[in-house]
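A.B. asks: After the structure tokens below, expect a handful of questions from me.
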Amino acid sequence: MGCRDGTQLISRVWQPAGQGPWPVLLMRQPYGRAIASTVTYAHPSWYAAHGFLVVVQDVRGRGDSAGDFKGFQQEAADGADCIRWARQLQGSNGRLGCYGFSYQGLTQLLSDDAAALPDCLAPAMAGLDERGDWACEGGAHWWALGLGWGLQLAALRCQRLGDEAGWLAIRRSLDSGAFLADGLDLLQRHDPQGMAYRWLQRPGSEAPGWVRHQPCSALLQRPMLLIGGWFDPHLRGILNLWERARAAGGSPLLRIGAWTHLDWNGGLDRLQLAFFQHHLQDQTAAEQLSSAVLLERVTWANGQQQSRHWQAPVACDNALRWGLRTGGLATIETEEGELLLDQIGSGEVALVHDPWRPVPGRGGHLGLDPGPCARDDLDRRSDVVCFTSPPLATSLELEGQPLLTIAVRADQPSFDLCAALSVVNRNGTVRQLCTGVARIKQLTGETSTLQLQFQPLLAELRTGERLRLSLAGSAWPQIAVNPGDGREPLGPSGPQHRVITLELELADSQLRLLPLLNGKFGAH
Numbered sequence: 131m132g133c134r135d136g137t138q139l140i141s142r143v144w145q146p147a148g149q150g151p152w153p154v155l156l157m158r159q160p161y162g163r164a165i166a167s168t169v170t171y172a173h174p175s176w177y178a179a180h181g182f183l184v185v186v187q188d189v190r191g192r193g194d195s196a197g198d199f200k201g202f203q204q205e206a207a208d209g210a211d212c213i214r215w216a217r218q219l220q221g222s223n224g225r226l227g228c229y230g231f232s233y234q235g236l237t238q239l240l241s242d243d244a245a246a247l248p249d250c251l252a253p254a255m256a257g258l259d260e261r262g263d264w265a266c267e268g269g270a271h272w273w274a275l276g277l278g279w280g281l282q283l284a285a286l287r288c289q290r291l292g293d294e295a296g297w298l299a300i301r302r303s304l305d306s307g308a309f310l311a312d313g314l315d316l317l318q319r320h321d322p323q324g325m326a327y328r329w330l331q332r333p334g335s336e337a338p339g340w341v342r343h344q345p346c347s348a349l350l351q352r353p354m355l356l357i358g359g360w361f362d363p364h365l366r367g368i369l370n371l372w373e374r375a376r377a378a379g380g381s382p383l384l385r386i387g388a389w390t391h392l393d394w395n396g397g398l399d400r401l402q403l404a405f406f407q408h409h410l411q412d413q414t415a416a417e418q419l420s421s422a423v424l425l426e427r428v429t430w431a432n433g434q435q436q437s438r439h440w441q442a443p444v445a446c447d448n449a450l451r452w453g454l455r456t457g458g459l460a461t462i463e464t465e466e467g468e469l470l471l472d473q474i475g476s477g478e479v480a481l482v483h484d485p486w487r488p489v490p491g492r493g494g495h496l497g498l499d500p501g502p503c504a505r506d507d508l509d510r511r512s513d514v515v516c517f518t519s520p521p522l523a524t525s526l527e528l529e530g531q532p533l534l535t536i537a538v539r540a541d542q543p544s545f546d547l548c549a550a551l552s553v554v555n556r557n558g559t560v561r562q563l564c565t566g567v568a569r570i571k572q573l574t575g576e577t578s579t580l581q582l583q584f585q586p587l588l589a590e591l592r593t594g595e596r597l598r599l600s601l602a603g604s605a606w607p608q609i610a611v612n613p614g615d616g617r618e619p620l621g622p623s624g625p626q627h628r629v630i631t632l633e634l635e636l637a638d639s640q641l642r643l644l645p646l647l648n649g650k651f652g653a654h
């Protein structure tokens with residue numbers, strides 16, 4: 131197809147058997163159209179066999195498409211041009227839906243022409259805020275994830291330019307793990323104008339230059355199937371999209387699975403097919419589309435997964451609250467710190483971050499090894515402070531967004547606070563549920579009250595199990611190690627990194643579990 135500026139974009143089309151015409155399913159992506167996101171979705175031929183004309187396009191500057199790849203900034207104009215073109219394809223009946231995850235999720239939401247919108251769309255694991263949904267959390271850059279994705283795009287650029295040495299250098303660095311230290315230099319060398327490198331040049335906090343994309347209301351009102359994962363870094367972007375679509379008058383469907391970015395436990399193609407059949411082929415809505423919101427909960431026993439099932443969200447106006455209490459030994463004695471439901475916290479404890487041996491980040495939504503994980507060994511470290519609840523007298527379901535409010539005084543002008551929520555099983559093993567980070571700059575010796583947001587979660591604690599909050603001064607390599615001197619952290623520990631002592635004052639500190647969807651999940 132030809133864009134308005136004459137640039138030619140190349141697509142592959144899968145056509146159903148028979149005469150047609152058929153509705154179009156469109157995916158636009160930067161990784162080569164032959165892949166067609168089969169890392170998470172069924173092959174396009176499967177959708178074509180169900181009566182859809184499937185189009186997968188190489189975006190500008192990628193695959194065989196002409197032009198220079200500039201990331202998200204190019205997609206509003208090109209996306210509108212592509213929708214107009216795809217509706218007129220031979221064999222098309224003029225109706226069109228979009229699907230795809232990650233980059234392909236956001237391309238569905240960008241158009242510079244309100245007259246060139248899909249009839250329905252299914253964005254998965256994406257968001258509108260380039261800082262908060264794609265690059266940073268709590269003021270800290272996604273280090274391992276951000277570099278890894280940026281280097282993948284840089285390697286594709288090298289491949290396109292015929293730079294075999296550059297491609298091999300990036301591949302070796304990723305395979306060996308050396309990219310965690312040298313990845314920024316590789317990006318500067320091989321993709322200096324790329325999104326990942328540009329993002330890492332900006333502060334992780336709110337600052338000029340960060341982009342929040344603004345879809346028009348007409349798009350947000352279209353039928354939409356939003357797909358997120360409890361262990362995916364874009365989950366808050368999907369939740370924000372759900373809120374924005376409802377505020378615009380839409381009635382989006384929302385499904386959040388116990389998934390990572392790439393592991394969807396068998397996928398959701400049957401659900402997605404039913405969605406498109408209903409909106410593009412006028413078939414009666416399948417039973418699986420009858421609930422506006424469904425959340426997947428995994429049941430565990432003694433650290434082993436027992437079952438998975440889907441449930442509607444729980445309406446809850448009152449946030450659960452826990453106080454934190456210690457006599458000062460919660461870093462040394464793993465069981466000394468207390469997490470007390472509906473009680474006031476008390477005590478103080480000093481937490482020392484040594485950059486020579488930073489506390490690792492593990493699992494969760496920001497890890498290269500995402501998902502639930504064991505963290506018994508991490509909690510035994512003396513640079514991790516733990517607060518643990520008494521054994522539960524009855525089961526407890528946790529659904530929502532955990533938020534920690536805590537007063538901290540530091541002996542350096544910058545520091546990180548990295549948190550994990552876990553369940554301590556009845557046999558004493560510890561399984562991590564979710565994590566969060568906060569990067570702080572403040573006057574040395576000044577006490578300030580900070581708020582740390584966790585990844586949203588859905589989990590059930592059984593009778594006899596305990597809830598644990600763990601805090602540390604690093605989560606390497608999920609975020610870069612803080613040097614402590616106020617500079618933006620950009621890599622592992624170095625000779626200029628400082629030891630940082632954090633004094634946690636617990637009298638007014640609390641952990642709250644805020645509602646996931648503010649109770650507004652029924653029919654609009």
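Going by the working numbering, the sequence shown opens with residue 131, and the numbers climb by one from there.
Quick reminder that beta carbons are idealized off the backbone N, C-alpha and C, glycines included.
#1: Quick check on DSSP: helix, strand or coil for G604?
#2: With DSSP run on the structure shown, which of helix, strand or coil describes P253?
#3: Check this for me: beta carbons of G269 and A568, under 8 Å apart or not?
#4: Which residue from D293, P502 and R385 puts its Cα closest to that of S421?
#5: Residue range of the beta strand (DSSP E) that L563 falls in?
#6: Pair every Cβ in the region 149-158 with every Cβ in the region 216-226, then say whether three or more of these pairs are closer than 8 Å.
#7: Please state whether the Cβ-Cβ distance between D472 and R455 is less than 8 Å.
#8: Could you pull the start and end residues of the alpha helix (DSSP H) that L155 belongs to?
#9: CB-CB under 7 Å to W215, same chain, minus the five flanking residues each way: which ones, in chain order?
#10: Strictly by DSSP, which residues pair up with D188?
#11: Would a C-beta distance cut-off of 8 Å place A256 and G367 closer than the cut-off?
#12: Got a sec, what are the start and stop residues for the beta strand (DSSP E) H409 sits in?
#13: Is the separation between the beta-carbon of Q585 and that of C564 shorter than 8 Å?
#14: Using the Cα positions of Q351 and A375, report the straight-line distance between them to the nearest angstrom.
#15: Does DSSP put P532 in a helix, in a strand, or in coil?
#16: Please state whether the Cβ-Cβ distance between T524 and T593 is less than 8 Å.
#17: Kindly indicate which residue of T461, P490 and S335 has the alpha-carbon position closest to the one of V479.
#18: Should the region 173-193 be called in touch with the region 251-265, which here means at least 3 C-beta pairs below 8 Å?
#19: Is there at least one non-hydrogen atom of the ligand NAD closer than 7 Å to the beta-carbon of R217?
#20: With contact counted as at least three CB pairs below 8 Å, one residue from each stretch, are the region 484-492 and the region 528-541 in contact?
#21: With DSSP as the reference, label M325 as helix, strand or coil.
#22: With a CB to CB cut of under 6 Å and the five nearest residues on each side skipped, what residues in its chain are close to L424?
#23: Closest to H364 by CA distance: which of T390, G307, V444 and D615 is it?
#24: Ignore the nearest five residues each way along the sequence and tell me which others in D211's own chain have a CB closer than 6 Å to its CB.
#25: Could you spell out where the beta strand (DSSP E) holding G453 opens and where it closes?
#26: Can you tell which of Q402, I213, L236 and L277 has its C-alpha closest to the C-alpha of L247?
#27: Could you tell me if Q531 is buried or exposed, where buried requires 16 or more neighbouring beta carbons within 10 angstroms of its beta carbon?
#28: Closest by CA to A637, which one among L240, G453 and L547?
#29: Between which two residues does the alpha helix (DSSP H) holding A164 run?
#30: How big is the Cα-Cα spacing for R342 and R261?
#31: In the structure shown, what three-state DSSP assignment does E655 receive?
#32: Which residues in the same chain have their Cβ closer than 7 Å to the Cβ of S623, if we skip the five residues on either side of it in sequence?
#33: In this structure, does DSSP put F199 in helix, strand or coil?
#34: Ignoring anything shorter than 4 residues, give me the alpha helix (DSSP H) runs that lie fully in the region 503-529, in order along the chain.
#35: Out of D362, F361, L498 and L383, point me to the one whose CA is closest to L371's CA.
#36: By how many angstroms is the C-alpha of S232 removed from the C-alpha of N555?
C.D. replies: The short version:
#1: Note on identity: in this sequence residue 604 is Ser, with Gly being the wrong assignment. In the structure shown, S604 sits in coil (DSSP, three-state: anything other than H, G, I, E or B).
#2: P253: strand per DSSP, three-state reduction.
#3: yes
#4: R385
#5: V560 to K571
#6: yes
#7: Note that the C-beta distance between D472 and R455 is not below 8 Å.
#8: Careful: L155 lies outside any alpha helix (DSSP H), inside the beta strand (DSSP E) at W152 to Q159.
#9: M131
#10: The beta-bridge partner set that DSSP reports for D188 consists of Q159.
#11: yes
#12: Judged by DSSP secondary structure, H409 falls outside any beta strand (DSSP E) and instead within the alpha helix (DSSP H) spanning D399 to L410.
#13: yes
#14: Going by the C-alpha atoms only, they are around 6 Å apart.
#15: strand
#16: yes
#17: T461
#18: no
#19: Among the components of this structure there are no ligands whatsoever, and the ligand NAD is therefore not found.
#20: Counting Cβ pairs under 8 Å, fewer than three are found: no touch.
#21: helix
#22: R385 and W440
#23: T390
#24: Closer than 6 Å at Cβ, skipping near neighbours: C133 and R134.
#25: Residues L450 to R455.
#26: I213
#27: buried
#28: G453
#29: Run containing A164: none; DSSP gives neither H nor E here.
#30: 8 Å
#31: Because the chain is modelled from 131 through 654, residue 655 falls outside the range shown and cannot be assessed.
#32: P485, W486, P488 and V611, listed in sequence order.
#33: coil
#34: 506-509
#35: L383
#36: Rounded to the nearest angstrom, the two C-alpha atoms are 34 Å apart.
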